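Undergrad: End of the sequence shown sits at 220 in our numbering; the numbers just go up one at a time, nothing left out.
My questions will all concern the structure given below.
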Amino acid sequence: AAIEEGKAIFHNIRNFVRFQLSTIAALSLITLSTVFHFPNPLNAMQILWINIIMDGPPAQSLGVEPVDHDVLKRPPRKVTDSMIDKRLIAHIVTSATVIVVGTLCVFYAEMSDGKVTPRDTTMTFTCFVFFDMFNALSCRSQTKFLFEIGLFSNRFFIVAVVLSIIGQLAVIYLPPLQYVFQTEALSAS
32 AAIEEGKAIF
42 HNIRNFVRFQ
52 LSTIAALSLI
62 TLSTVFHFPN
72 PLNAMQILWI
82 NIIMDGPPAQ
92 SLGVEPVDHD
102 VLKRPPRKVT
112 DSMIDKRLIA
122 HIVTSATVIV
132 VGTLCVFYAE
142 MSDGKVTPRD
152 TTMTFTCFVF
162 FDMFNALSCR
172 SQTKFLFEIG
182 LFSNRFFIVA
192 VVLSIIGQLA
202 VIYLPPLQYV
212 FQTEALSAS
């Protein structure tokens, strides 16, 4: 039981680290925009929202992911093995790249008239958040697909993601929060 718990804790920490380090996407997005003299796709409040509210609860809930029984079948890892290895770095870079490229594509598609409007930044902000939530889902396991581990197998994670999405909707649709985050209500048209 102790070995099982130790392995589970180690892998949950790796999943947490993978998700937290992939938040380099927000920094990369702003850095690329600044370096290439593009308009900033996100404002300061939106970046804070992403880093504190949208990333925090899902990341913490990754720490209580149920034990992956395949992990128990693996041989013990060497004490000298690093927590952050090449494979983990590759996952982080891939996730961050998908988030940044996807978000920039949405931003530039929205900014078709050459001017940055609240709708453009709201759409970009919301797409970034949803990319981030899907990234959190993919960080639940390093070896299995979501349908293999079960979407609802970690209730804390589901609650964290649902509350994050509700929070995002509030930022978009509640006038006091629209003012603070410089967003506007999005419609289907």
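No residue lacks a Cβ here, since even glycine has one placed at the ideal position from N, Cα and C.
Predicted, not measured: the structure shown is a model, and the values here were computed from it.
If I measure Cβ to Cβ from M164 and keep anything under 6 Å in the same chain, skipping five residues before and after, which residues do I get?
TA: Excluding positions up to five away in sequence, the list reads V192.
Undergrad: With DSSP run on the structure shown, which of helix, strand or coil describes F162?
TA: If DSSP states are grouped into helix, strand and coil, F162 belongs with the helices.
Undergrad: Report the three-state DSSP secondary structure of T148 (helix, strand or coil).
TA: Coil.
Undergrad: Anyone know if the C-beta pair for M85 and S195 falls short of 8 Å?
TA: Yes, they are a contact pair.
Undergrad: Among T157, I189, I180, which has the Cα closest to the Cα of A216?
TA: Nearest C-alpha to A216: T157.
Undergrad: Use the C-beta contact count for M154: other C-beta atoms within 10 angstroms, 16 or more gives buried, fewer gives exposed.
TA: By the 10 Å Cβ count, M154 comes out buried.
Undergrad: CA-CA distance, I83 and Y204?
TA: Their backbone Cα atoms lie some 20 Å apart in a straight line.
Undergrad: Looking at C-alpha atoms only, which residue of K146, L200, I197 is the closest neighbour of N71?
TA: When only C-alpha atoms are compared, the closest one is K146.
Undergrad: May I have the straight-line CA-CA distance separating G198 from I120, to the nearest angstrom?
TA: Answer to the nearest angstrom: the Cα atoms are 30 Å apart.
Undergrad: Could you tell me the alpha carbon to alpha carbon distance between E96 and S64, rounded to whole angstroms?
TA: Cα to Cα, the separation comes out at about 36 Å.
Undergrad: Mapping DSSP to helix, strand and coil, what is C170?
TA: The answer is coil: DSSP assigns C170 none of H, G, I, E or B.
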